[in-house]
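These notes concern the structure reproduced below.
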Amino acid sequence: MASDETWGYIHAKYSWLFLLEAVIMALMSIDLAFSCIFTKGVSAFDPTCLVILWVLLVIMLGATAVIGIYANSDANNHNKRG
């Protein structure tokens, strides 16, 4: 970020993304714990839970990549304006 103002602007505007990632990570942790408790460990990992983990991971990484690119463009435009 070119300035503290831009840093604050971008982080305030995209704070919802950080919250979304935190929620997805919490869901992934719950899914992993659920699978370990009910299948007696990671070595006997339930395939359904593995699919859920992959879906959540793809959603999180996809959202981060797409919105990160957009946020970078937004930051560049903000720097040019002010």
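full-length UniProt numbering applies: residue 1 is where the sequence shown begins, and numbers increase by one. Backbone N, C-alpha and C define an ideal beta-carbon position, used for all residues, glycine too. Being a predicted model, the structure only gives us computed values, none of them experimental.
Using the rule of at least 16 other Cβ atoms within 10 Å of the residue's Cβ for burial, across every protein chain shown, is residue i buried or exposed?
i   : result
S15 : exposed
D4  : exposed
W75 : In the sequence on display, residue 75 carries Ala and not Trp. Per the 10 Å Cβ criterion, buried.
S35 : buried
Would you mind reading off the limits of the alpha helix (DSSP H) that contains residue i?
i   : result
S35 : S15 to T39
S3  : Premise fails: S3 is in no alpha helix (DSSP H) and is neither H nor E.
Can you tell which of the options has the C-alpha that lies nearest to the C-alpha of residue i?
i   : options               : result
T48 : M28, N72 and L20      : M28
V55 : Y9, I24, T6 and H11   : I24
L32 : K13, A22 and L53      : L53
A12 : A71, K80 and A26      : A71
A26 : L57, N79, T39 and R81 : L57
Three or more beta-carbon pairs under 8 Å between the segment 53-66 and the segment 6-25, yes or no? yes
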